[in-house]
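Have a look at the structure below before the remarks.
4 protein chains.
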Amino acid sequence: MAFSLPTYRAPDFSTRPLRDCPFVVFEKVRKTGVAPENYHATSIYPEYFHLREGHWQLLKDSRMDCVVVLEKKGTLTAREFRHLRKGDLVALGRRENGEEGIYVHTRGFDLNRSGTDKFAFRTQFTRETSFSIDYDQLYDLLEFERKNGFIVWVLGPAVSFDKDAREAFVAMVKRGYVHALLAGNALATHDVEGALFGTALGQNIYTKKTAPLGHYRHLDAIRAVRSLGSIRKAIKKGAISEGIMHAVVKKNVEVVLAGSIRDDGPLPEVIGDVYEAQDKMRAVATRATTVIALATQLHAIATGNMVPSYRVTGRGQVRPVYFYTVDMSEFAVNKLANRGSLTAHSILTNVQDFVVTVERGLRQACSK
Amino acid sequence: MAFSLPTYRAPDFSTRPLRDCPFVVFEKVRKTGVAPENYHATSIYPEYFHLREGHWQLLKDSRMDCVVVLEKKGTLTAREFRHLRKGDLVALGRRENGEEGIYVHTRGFDLNRSGTDKFAFRTQFTRETSFSIDYDQLYDLLEFERKNGFIVWVLGPAVSFDKDAREAFVAMVKRGYVHALLAGNALATHDVEGALFGTALGQNIYTKKTAPLGHYRHLDAIRAVRSLGSIRKAIKKGAISEGIMHAVVKKNVEVVLAGSIRDDGPLPEVIGDVYEAQDKMRAVATRATTVIALATQLHAIATGNMVPSYRVTGRGQVRPVYFYTVDMSEFAVNKLANRGSLTAHSILTNVQDFVVTVERGLRQACSK
Amino acid sequence: MAFSLPTYRAPDFSTRPLRDCPFVVFEKVRKTGVAPENYHATSIYPEYFHLREGHWQLLKDSRMDCVVVLEKKGTLTAREFRHLRKGDLVALGRRENGEEGIYVHTRGFDLNRSGTDKFAFRTQFTRETSFSIDYDQLYDLLEFERKNGFIVWVLGPAVSFDKDAREAFVAMVKRGYVHALLAGNALATHDVEGALFGTALGQNIYTKKTAPLGHYRHLDAIRAVRSLGSIRKAIKKGAISEGIMHAVVKKNVEVVLAGSIRDDGPLPEVIGDVYEAQDKMRAVATRATTVIALATQLHAIATGNMVPSYRVTGRGQVRPVYFYTVDMSEFAVNKLANRGSLTAHSILTNVQDFVVTVERGLRQACSK
Amino acid sequence: MAFSLPTYRAPDFSTRPLRDCPFVVFEKVRKTGVAPENYHATSIYPEYFHLREGHWQLLKDSRMDCVVVLEKKGTLTAREFRHLRKGDLVALGRRENGEEGIYVHTRGFDLNRSGTDKFAFRTQFTRETSFSIDYDQLYDLLEFERKNGFIVWVLGPAVSFDKDAREAFVAMVKRGYVHALLAGNALATHDVEGALFGTALGQNIYTKKTAPLGHYRHLDAIRAVRSLGSIRKAIKKGAISEGIMHAVVKKNVEVVLAGSIRDDGPLPEVIGDVYEAQDKMRAVATRATTVIALATQLHAIATGNMVPSYRVTGRGQVRPVYFYTVDMSEFAVNKLANRGSLTAHSILTNVQDFVVTVERGLRQACSK
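Chains as they are written, first to last, in numbering that gives the first Met the number 0: chain L, 0 to 367; chain E, 0 to 367; chain D, 0 to 367; chain A, 0 to 367.
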């Protein structure tokens, strides 16, 4: 079934009480990196700012936990605290229904919620929730987004640990379902280890046999890349001829590899400064229309922080951003929800199976 | 801080629309064990049945997923389907607001729920939820219930696997915080194994050393009890001189040991027929005012099925029943919630620590 | 790749020290249900009993935690303690290398273990272990077993909660990959609920919408079956026309539904006495050559207790029994291992994905 | 019971075959950051390098996954790949028994391993393992280390989420059981949020009530610190007057706050470059004699990478380094083991309970 975007309904600012709301007040930053008191912080929802009579401006490219800066040209920007410069004009006000000129719009898209019984079963989301429909909808969504959107994958290393999953992911890259990849040193390292030695942390990704001196393998992989200068160069020179990194580089997929304190090496492309990495991730996140985060709390939450629930397209259309997390534990999934990302869809399973299943589903959906 | 029972507010049946509701209709059972169509099934909440003009009768000793039978003496009973006899009069109607003479009362006790912000963090319950207040409240509650209530503990075998936890539980039994014990063959077996050999499944419950031929230990424990005739006899004869089973027998705590297909043995007191076991468990559950279930999905859910959210005391007072589950995983806890037991409190931790902490907290609270 | 059974190498009893071992001693049971002291308890491994000069008899149809009874006709039987009758002759001795005429043979099949490095990664089995090869081997194994073995599935209710998984399981039943089904009241109830209403515990197994008054659905399903007399009759009369129970009944798959204290209802076919249920399960387990347990600790461990690591075929050949557990948590899997079932294979994933993937894999393997 | 260090037994290099081993070969680094081929990588164990006739030098201040550099003054250093400079002399050889002049010594301390039965239960470590002895040993160990060692705590944010746990940790800091603290922006942020508002991510750390506009709280906390310049200044000025950060600053505990891509803010003291953070962490880790990591995979694994299994004290004594991880899931714990840290002790529980229990245990042990 073909996917179609849900209709967005903007608030009606022409009627009371919104019509009568005050304009939003902006105050100057006095100290770099420090917002004025009573700053407004963004949520994941569309937010409108009453700038002048009859004009409520929708914040584009939002993300949660930022302040809203009025740029000189009159546009609004969601900005991280650390990027505030002295003199920046920051929106004030914490009330959400226009009382201070700010309106947080949580019901722009139809979200049919079910259930008004006094007594009900299955109110909690768990591993026993049915996921058949999620897969079916995901196939349709990805098919749509491949041409009309921007699909960002956020990968923990697990995908590189299993032969079938790794190959399935590569196949999706090749067929255009991956527009950007956010990951860390580990994913890239073990993928390269797989390309060079067929192992991940020394264990064969198919036979599961532990290679003799297997604990050298990831170090040898890192060393090989460092000696050639970069992953890209290693691919160019033919040293790396398959795998996830090979596929994304060949396909010109945008990649951000963010460093962490767990890293060995690191690989040359890995960004050691996490706030610089955040900036690069946000540059990608800002274009995302669908995000799929697999088996990584660190990168999933980091990306979740940066991705709002909506996107304003080039043609000014407001559409949802779809956010999927796939993990084995209810805890990981709830953790994201507890950071405010209530609109995320979750599938509780092993990402190995998830990737293989999605790739196969896309192939079959396509061939129909 | 001393615990006091919250006030119960009954519905006001003297005003509309409740005043004008029809009487509840009863229909005869035609086939033993089979309810008439459109039977009403109970929830965990107080339910009132409109029997005659101006008289709405509150169902006492309820439990969920039962039908309501009008007894000859005019009282109402929540009865399991398997206990329906031909000719029993069963209440009909599934609407919950009096439309069919049945009113499900979900708001009898003040439950202050928080939060109306459009955007909020920490809406999900996880292992990172703070539990300090739960412990403090539990100390007060158990102190109150020791004298005024009926405290039912539901134990998985884990408590018998650890020396400190086992001793702490025994101390609580001795001091009167345990009025009934619901468990299975495994808890009793490993507790007896501990009493006889200091091990659980062959591993020392303190040193963790695996005994040589340790896999014989639980079988030897079962054999010892079987050869003496029962746990009670083994205690009487001095063969078992310490541990959980010893303490509850000595203290005349009510015990139901329910069988399962996992059982070795079984021990003589274990009830092999699970529906007979259910009946015995319900006889206990019907008196419960506080239930604490530790590290057992099977017994926790079984007991949760039988325990409603309220109890009508001897003096006709309606009070809450407190239900705690302690487990390591969000899944286990959600599983209970998904069976309708939304009023359960949960603490996510290792039951070893929980039991030790509660026993110590009760001791300190007492000595103040 | 076609599957072939590994070769079994029996111990060489013709050479020392085994040649010189004493005969095993048997002692009479004096009290029904109580083994004599120093009884020998079985493991999961092939065990040989030195009965007379030059004759070491291999125990057939073994299972762990039983005693070995010398039958009148001279054969040996692994018997549960509860089935011991006064006068039964029970093998004595706990040493495993023939010192008491009993030899436990752990190395009959080649098990190539890897790794002798002093320092190694990935020594623990986790969700990040690669499972590609497990799937591939499972396809081959099931294809082989379909014709040459006896495949027992042990199902928690989760498989009935998801449309795709439920359909995939049905497809495997129809194509002959399921020779026996061990489950509980919940699996059957929610499967029947699915057949009648398309829901599980009131939630649609595809759309995930909660039906109004959804908490009645499983009770209505149970009621429907009880009123018709049994699942079989409900199928015969056309009341149940699809789903897992429908498929296994139509295909004459052996089914044991074991009761538990969690059960509502129960359904008529459910065996309320757990030790009677164990006997029926063991009658199935005794024929098993491959067991696959999905998302159930209770039934998986119960079955694991009954399934040894080997089977003596009709032609006297000794072959391995393959035991797979599929679950979401390392804990569940380790729990089985800690009961002695060290030879079990485990796949850590959501059983929904597992069943769908296996069914698809079998179909593709078949069509090659 | 007083703790005493186990005796270390060095290998005997005076006898064959070690006596006859070749000297270790060193090769120059040709490209900065790239080790020569066949470099030797360190493990967590004591490693000896045969430098000249009769002299095997033990590597001090080791950590795994580094190369060994021969310094100009003749000493050996374990160095990360990224710190290799052109011309550095790197030890070659991967064999572990002296064949290339390198000896990896895994058995320096008595590690009594149990069990040679062919069939055994409880071979896996799980939440059901008994932890009583671990607590008792930990009290003794920490009492010893307080005076004689260097205790490093590695904290995820969870400890700051619960009032009792937070207070217990502060008490341990005050009494000298915390010599260094490794954590991230989140721990510090939510601890400061607790100091300023009594909340963590907007939820009261005792009452669990969600504050109105609670999602502003951590941002306000960060803003407050940023406006004052640093956590230290905020403490000096009295803005922060209690909590974990307050306690460690007042007590001059060494603190490393490492940045991650999940960070809001960040707080001024947080190190944004993860490799610079690693260097600072290693400077601490190099002195660690006991490490306790609570509820953080990221920081626990990062620290685990840097901490070897032994330490050479000022007086040249070789002693073990104790490494504890406390977490709720077997997966987290296995993850560390799978990175080679096989010597880590693990306790599976909620860190809230762990911290409260340890603090109380230390107090009681002390007062004896």
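Backbone N, C-alpha and C fix where the C-beta goes; we use that ideal spot for every residue, glycine too.
So, using beta-carbon positions, are residue 180(E) and residue 253(E) closer together than 9 Å?
In this structure, residue 253(E) lies closer than 9 Å to residue 180(E) by Cβ.
Separation of residue 262(D) from residue 257(E), as counted between CA atoms
Residue 257(E) and residue 262(D) have their alpha carbons spaced roughly 13 Å apart.
With 9 Å as the threshold, decide whether the Cβ of residue 38(D) is near any Cβ in chain E.
Yes, because at least one Cβ of chain E sits closer than 9 Å to the Cβ of residue 38(D).
Pick from 248(A), 212(A), 215(A), 214(A) that is closest to residue 229(A), judged by C-alpha positions
When the alpha-carbon of residue 229(A) is set against those of 248(A), 212(A), 215(A), 214(A), the nearest one is in 248(A).
Looking at residue 66(E): is its Cβ nearer than 9 Å to the Cβ of residue 50(E)?
Not in contact: residue 66(E) and residue 50(E) (Cβ atoms no closer than 9 Å).
Report yes or no: is there a C-beta of chain E within less than 9 Å of the C-beta of residue 234(A)?
Not closer than 9 Å to any Cβ of chain E, the Cβ of residue 234(A) fails to qualify, so no.
Can you pull the chain A residues whose beta carbon is under 9 Å from the beta carbon of residue 30(L), in chain order?
The contacting residues are 225, 226.
C-alpha distance - residue 274(E) paired with residue 53(D), whole-angstrom precision
Going from the Cα of residue 274(E) to the Cα of residue 53(D) covers about 51 Å.
Within 8 Å of chain E by C-beta, residues of the segment 295-323 of chain D in sequence order
Under the 8 Å Cβ criterion, the segment 295-323 of chain D contributes 296, 297, 298, 300, 301, 304.
Three-state secondary structure assigned by DSSP to residue 260(D):
In the displayed model, residue 260(D) falls within coil according to three-state DSSP, outside both helix and strand.
Considering only their Cβ atoms, is the gap separating residue 350(D) from residue 213(D) smaller than 9 Å?
For residue 213(D) and residue 350(D), no; Cβs fall outside 9 Å.
Residue 169(L) versus residue 80(E) - alpha carbon distance:
Whole-angstrom Cα-Cα distance: 55 Å.
Could you check whether the Cβ of residue 333(E) sits closer than 9 Å to any Cβ belonging to chain A?
Taking Cβ atoms only, chain A never reaches closer than 9 Å to residue 333(E), which makes this a no.
Might you give, ordered along the chain, the residues of its own chain that have their beta carbon closer than 7 Å to the beta carbon of residue 302(A), omitting 5 neighbours on each side?
Around residue 302(A): 153, 181, 280, 284, 290, 292.
Any contact of the segment 55-73 of chain A with the segment 294-311 of chain A, i.e. 3+ C-beta pairs under 8 Å?
The segment 55-73 of chain A vs the segment 294-311 of chain A: in contact.
Could you confirm whether any beta carbon from chain A is found closer than 9 Å to the beta carbon of residue 214(L)?
With its beta carbon less than 9 Å from one in chain A, residue 214(L) belongs to the interface.
Check the Cβ-Cβ distances between residue 351(D) and every residue of chain E, and say whether any is below 9 Å.
Not one chain E Cβ lies under 9 Å of residue 351(D).
Run the CB neighbour count on residue 419(L), radius 10 Å, all protein chains shown included, and call it buried at 16 or more, exposed below.
For chain L, the structure presents residues 0 to 367; residue 419(L) sits outside this window and is missing.
Determine the direct distance from the alpha carbon of residue 88(E) to that of residue 48(E), and round the result to whole angstroms.
Pairing residue 48(E) with residue 88(E), the inter-Cα distance amounts to about 14 Å.
Closest Cβ-Cβ distance between residue 113(L) and chain D: below 9 Å?
Only weak support exists for where residue 113(L) lies, its pLDDT of 48 falling under 50; the coordinates are left without a value.
With burial defined as no fewer than 16 other Cβ atoms inside 10 Å of the residue's Cβ, what is the status of residue 265(A): buried or exposed?
Classification for residue 265(A): buried.
Under 9 Å by beta carbon: chain L residues contacting residue 361(D)
Using a Cβ-Cβ cut-off of 9 Å, residue 361(D) is close to nothing in chain L; its nearest Cβ partner there is about 14 Å away.
Starting from the beta carbon of residue 33(D), find every residue of chain E whose beta carbon is closer than 7 Å, and list them in chain order.
222, 225, 226, listed in chain order.
For residue 286(L), I'd like the list of residues in its chain whose CB is within less than 7 Å of its CB, leaving aside the five on either flank, ordered along the chain.
Taken in chain order, the residues that qualify are 149.
Find the nearest neighbour of residue 172(A) within the set 157(A), 200(A), 142(A), 92(A), judged by alpha-carbon distance.
Shortest Cα-Cα distance from residue 172(A) to any of 157(A), 200(A), 142(A), 92(A) involves 142(A).
Ignoring anything shorter than 4 residues or poking outside the segment 328-357 of chain A, list the alpha helix (DSSP H) runs there in chain order.
You should have 329-337.
Output, in chain order, the set of chain D residues within a Cβ distance shorter than 8 Å of residue 355(L).
In chain order, 356 make up the part of chain D whose C-beta sits under 8 Å from the C-beta of residue 355(L).
Answer with buried or exposed for residue 64(E), where buried requires no fewer than 16 other C-beta atoms within 10 angstroms of its C-beta.
Buried, by the Cβ-count rule.
Just to confirm the assignment: which complete alpha helix (DSSP H) runs, minimum length 4, are found wholly within the segment 6-80 of chain L?
Complete alpha helix (DSSP H) runs here, min 4: none at all.
Establish whether the CB of residue 96(E) and some CB of chain D are separated by less than 9 Å.
Residue 96(E) does not count as touching chain D.
Minimum C-alpha distance to residue 86(L) - residue among 130(L), 35(L), 345(L), 74(L):
Nearest to residue 86(L) by alpha-carbon distance, out of 130(L), 35(L), 345(L), 74(L), is 35(L).
Please report the distance separating the alpha-carbon of residue 358(A) from that of residue 295(L).
Between residue 358(A) and residue 295(L), the C-alpha separation is close to 33 Å.
Note down, in chain order, each residue of its chain lying with its Cβ closer than 7 Å to the Cβ of residue 236(L), except the 5 sequence neighbours on either side.
These residues qualify, in order along the chain: 227.
So with CB distances below 8 Å, who are the chain L contacts of residue 254(E)?
Under the 8 Å cutoff, chain L gives no residues; its nearest Cβ is about 31 Å from residue 254(E).
Could you check how far apart the C-beta atoms of residue 327(A) and residue 327(E) are, in whole angstroms? I think they sit under 8 Å.
Right, their Cβ atoms sit about 6 Å apart.
What's the C-alpha gap between residue 121(A) and residue 202(E)?
Distance between the alpha carbons of residue 121(A) and residue 202(E) is about 7 Å.
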